[in-house]
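Enquirer: Basically my numbering = 1-based index in the sequence shown + 130. Before I ask anything, let me first share the structure, which is written out below as structure tokens.
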Amino acid sequence: MNTRTDAFIESLDEQVSAIAEACTACGACAVVCPTVPMTITDDISSEDLTAGVRNILRGEEASDASKTWASKCCSSGACLSVCEHGINPRFMLTMARRAINQTNEPNVRKAEGKTAFQKMSRGVKVISRLTMSPDQLARLSPQPKPEGAKTPDFVFYTGCNMLKTPHIGLLCLDVMDRLDVTYDVQGGPGACCGILQARPGDTETSGRQAFNTLDKFAASGTSQILSWCPTCQIQFGETMSPKYAALTGTALDITMFPVYLASQLDKLREHLTIPVNKRVAIYEYAGELGVMEAVRELLSAIPGIEIVEIDTSSIGYNNTSLAALGSYHKTNMMTALDDAEAAGIDPFIGVYHGDHRALSAQEDNRSFVVANYMELIGESMGIAVDDGFKELRLMQDADAIVAASMDQINLYGLDPEMVCDVVASDMLAE
């Protein structure tokens, strides 16, 4: 470990100890948590459930129910406002999950994180190059900063996986151009938030990777970061950024992109001039990040848009947060699509890049199209970017996708066999 990583882990451990000391095991967070009734079958009180999590943080014995809760928490954020002792219960459960995973051997944790990161990196590299021209790829990638360049208003942070659905990111940049704001772009596997190493408990690599990315943000000269990915937002906002500020003296203000955009509605409305006469439904997530409220504000500002309410929404902050809940995400998403079908809407609106990938696969079976909310904002502004991902995904066959992508494969010098493997595992399997 390097000195900065050592200091980060020491600070994190001190915070965990303070949480374990402050927690009274009142059970308020367990009472409101939607994960509990879905995963805990034992007859256990909310107080005992929370006491078990506290024990995990202390390195003491805990019930299987408490371990299950910590391991399967979907980060809904429903708990964020209920603790009377100043604790962030979502962070507390994240740290309990870390403690559980750190009972595994270090080499096992590192190997798991490395494998997940390599798989993600390969998928991003291949799928982004199937759907973007070199100019578009350069636009959504970090670029060297010319000497004497002015400090941008913002850093636009794509995260990693948004590059699989690049039309969303390109629309974000087009809208910022119209608003006359300046930005540097950061993102991709070289600027990861460290979550893939954090999940199996490799805190050392996770911290080092996250701090390197925060260094890149800071090097831009602005403290204002616009983040697209909710996983990155929680990882940075609740774990990494506070430690980075304490250790480096550099505070970064990381805001979800739609939350920022909604704060600029007075300026944005001047550009929303083309009516979009559509009845839409939104697949909404939890998370308490302000994103769902912001997306509703943005869509409501588009002339002609009618938001139709459906009964089904997700308990997680995005689809990856639901992985531990088995079939819940797919079943819930299909129910939401059925609700939308019954309501007679078109299009069905996704919020994040991950749900756009999952929802795109369902379009052929529905009477409506699937779109990200940025596509409707762009439509009202006269901006359109082709959704290359959905076009390929709807082919539903790896060989057909490779055949249709041969120009792109040759352009970027990709191996067709490797591309076929990635399409099967990272596109069609979702």
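Don't be surprised by glycine CBs; every beta carbon is placed ideally from N, CA and C.
1. I'd like to know if L398 contacts chain D, where contact means its C-beta is closer than 9 Å to some C-beta of that chain.
2. Nearest CA to the CA of I170: which residue from L429, G253, H483, D194?
3. Please look up how many angstroms separate the CB atoms of I149 and M262, rounded, as I've assumed it's under 8 Å.
4. Classify F366 as helix, strand or coil using the three-state DSSP reduction.
5. Reducing DSSP to helix, strand and coil, say where T224 ends up.
6. Report the three-state DSSP secondary structure of T165 (helix, strand or coil).
7. Assuming N502 and H486 make a contact with CB atoms under 8 Å, what is their CB distance in whole Å?
8. In three-state DSSP terms, what is G480?
9. Restricting to runs no shorter than 4 residues, where is the alpha helix (DSSP H) found entirely within the segment 472–539?
10. Assuming G446 and S206 form a contact by the criterion Cβ under 8 Å, report the distance between their Cβ atoms to the nearest whole angstrom.
11. From this set, M250, T442, D172, T180, which residue's C-alpha is nearest D556's C-alpha?
12. Spatial neighbours of S176 within its chain, please: C-beta separation below 6 Å, excluding the five flanking residues on both sides.
13. Would you please state the rounded distance, in angstroms, between the beta carbons of L558 and A528? I believe it to be under 8 Å.
14. Drop a sphere of 10 angstroms on the beta-carbon of M131, count the other beta-carbons inside from all chains shown, and report buried for 16 or more, exposed for fewer.
15. Answer with buried or exposed for D307, where buried requires no fewer than 16 other C-beta atoms within 10 angstroms of its C-beta.
16. Are the beta-carbon atoms belonging to E505 and L301 less than 9 Å from one another?
17. Starting from S196 and walking both ways along the beta strand (DSSP E), at which residues does that stretch end?
18. Distance check for M536 and C209, CA to CA, integer angstroms please.
19. Leaving aside the five residues before and after G253 along the sequence, list all residues of the same chain whose C-beta is less than 6 Å from its C-beta, in chain order.
20. What are the boundary residues of the beta strand (DSSP E) that includes K408?
21. Report all residues from its chain with a CB closer than 6 Å to the CB of F182; omit the five preceding and five following residues, and keep chain order.
22. Cα-Cα, which of A454, I440, S451 is closest to G474?
23. Excluding the 5 residues preceding and the 5 following V406 in the sequence, name in chain order all residues of the same chain whose CB lies nearer than 6 Å to its CB.
24. Between the segment 321–340 and the segment 226–244, are three or more C-beta pairs nearer than 8 Å?
25. Contact defined as beta carbons within less than 8 Å: I believe G216 pairs with A152. What is the distance between those atoms, to the nearest angstrom?
26. Beta carbon of F286, beta carbon of G320: below 9 Å?
27. Count the other C-beta atoms from every protein chain shown that fall within 10 angstroms of the C-beta of P477, then say buried if there are 16 or more, exposed otherwise.
28. Could I get the ranges of all uninterrupted beta strand (DSSP E) runs contained in the segment 394–448, with 3 residues as the minimum, in chain order?
29. I think T180 touches A200, with their Cβ atoms under 8 Å apart; what is that distance to the nearest whole Å?
30. Specify the secondary structure class of M131 as computed by DSSP and reduced to three states.
31. Looking at L377 and R228, is the spacing between their C-beta atoms short of 9 Å?
32. Report the residue from Y482, E214, G289 whose alpha carbon sits nearest the alpha carbon of A416.
Expert: On the basis of the data shown:
1. Among the chains of the structure shown, chain D does not appear; only one protein chain is present.
2. Against the sequence shown, residue 170 aligns to sequence position 40. Per the Cα distances, D194.
3. In the sequence shown, counting from the first residue as 1, residue 149 sits at position 19. In the sequence shown, counting from the first residue as 1, residue 262 sits at position 132. Going by Cβ atoms, the distance from I149 to M262 rounds to 43 Å, so no, they are not a contact pair.
4. The residue you call residue 366 lines up with position 236 of the sequence shown. Of the three classes helix, strand and coil, the one that applies to F366 here is helix, per DSSP.
5. The count along the sequence shown starts at 1 and reaches residue 224 at position 94. DSSP, reduced to helix, strand and coil, places T224 within a helical segment of the structure shown.
6. What you label residue 165 is simply residue 35 of the sequence shown in a count that begins at 1. Correct three-state label for T165: helix.
7. Residue numbering aside, residue 502 sits at position 372 when the sequence shown is read from its first letter. Residue numbering aside, residue 486 sits at position 356 when the sequence shown is read from its first letter. Contact flag correct, Cβ pair sits at about 5 Å.
8. Here residue 480 refers to the residue found at position 350 of the sequence shown. Collapsing the DSSP output to three states places G480 in a strand.
9. Correct list: 483–490, 503–511, 518–523, 528–534.
10. The sequence position of residue 446 within the sequence shown is 316, counting from 1. The sequence position of residue 206 within the sequence shown is 76, counting from 1. About 6 Å separates the CB atoms of G446 and S206; that is less than 8 Å, so the two are in contact.
11. Looking up residue 556 in the sequence shown gives position 426. Ranking the options by Cα distance to D556, first place goes to M250.
12. Reading the sequence shown from its first residue, position 46 is the one you call residue 176. Cβ neighbours of S176 beyond the five flanking positions: G157, A160, V161.
13. Translated into the one-based positions of the sequence shown, residue 558 becomes position 428. Translated into the one-based positions of the sequence shown, residue 528 becomes position 398. Contact flag correct, Cβ pair sits at about 6 Å.
14. By one-based count along the sequence shown, residue 131 stands at place 1. Legend: pLDDT at M131 = 48, less than 50; position of this residue unreliable, no value from coordinates given.
15. Translated into the one-based positions of the sequence shown, residue 307 becomes position 177. So D307 counts as exposed.
16. Locating residue 505 in the sequence shown gives position 375, counting from the first residue. Locating residue 301 in the sequence shown gives position 171, counting from the first residue. Yes; because the gap between Cβ atoms is below 9 Å, this pair is in contact.
17. Locating residue 196 in the sequence shown gives position 66, where the first residue counts as 1. S196 -> not in any beta strand (DSSP E); alpha helix (DSSP H) instead, spanning 194–202.
18. Walking along the sequence shown from the start, residue 209 turns up at place 79. Walking along the sequence shown from the start, residue 536 turns up at place 406. Rounded to the nearest angstrom, the two C-alpha atoms are 49 Å apart.
19. Taking the first residue of the sequence shown as 1, we reach residue 253 at position 123. Only V552, D556 meet the Cβ criterion.
20. Within the sequence shown, numbered from 1, the residue matching residue 408 stands at position 278. 408–412 is the span of the beta strand (DSSP E), which, as asked, contains K408.
21. Sequence index remark: in the sequence shown, residue 182 carries index 52 (1-based). This sequence places Gly at residue 182; Phe is not what is there. Here the set comprises A192, S193, S196.
22. The sequence position of residue 474 within the sequence shown is 344, counting from 1. The shortest Cα separation from G474 among A454, I440, S451 belongs to I440.
23. Working through the sequence shown from its first residue, we reach residue 406 at position 276. For V406, where only same-chain residues beyond five positions count, the Cβ hits under 6 Å are I432, G434, I435, L506, E509, S510.
24. yes
25. On the sequence shown, residue 216 is found 86 positions in, with the first residue counted as 1. On the sequence shown, residue 152 is found 22 positions in, with the first residue counted as 1. 7 Å between Cβ atoms; contact.
26. Here the question's residue 286 lines up with position 156 in the sequence shown. Here the question's residue 320 lines up with position 190 in the sequence shown. No. Outside cutoff.
27. In the sequence shown, residue 477 corresponds to position 347, counting from 1. Burial call: buried.
28. 408–412, 435–437
29. Locating residue 180 in the sequence shown gives position 50, where the first residue counts as 1. Locating residue 200 in the sequence shown gives position 70, where the first residue counts as 1. Wrong, their Cβ atoms sit about 11 Å apart, outside the cutoff.
30. To locate residue 131, count along the sequence shown from 1; it is residue 1. Low confidence applies here, because M131 scores a pLDDT of 48, under 50, leaving its location unreliable and the question unanswered by this model.
31. As a working mapping, residue 228 is identified with position 98 in the sequence shown. As a working mapping, residue 377 is identified with position 247 in the sequence shown. No, these two residues do not count as a Cβ contact at 9 Å.
32. Along the sequence shown, read from residue 1 onward, the residue named residue 416 stands at position 286. It is Y482 whose Cα lies nearest to the Cα of A416.
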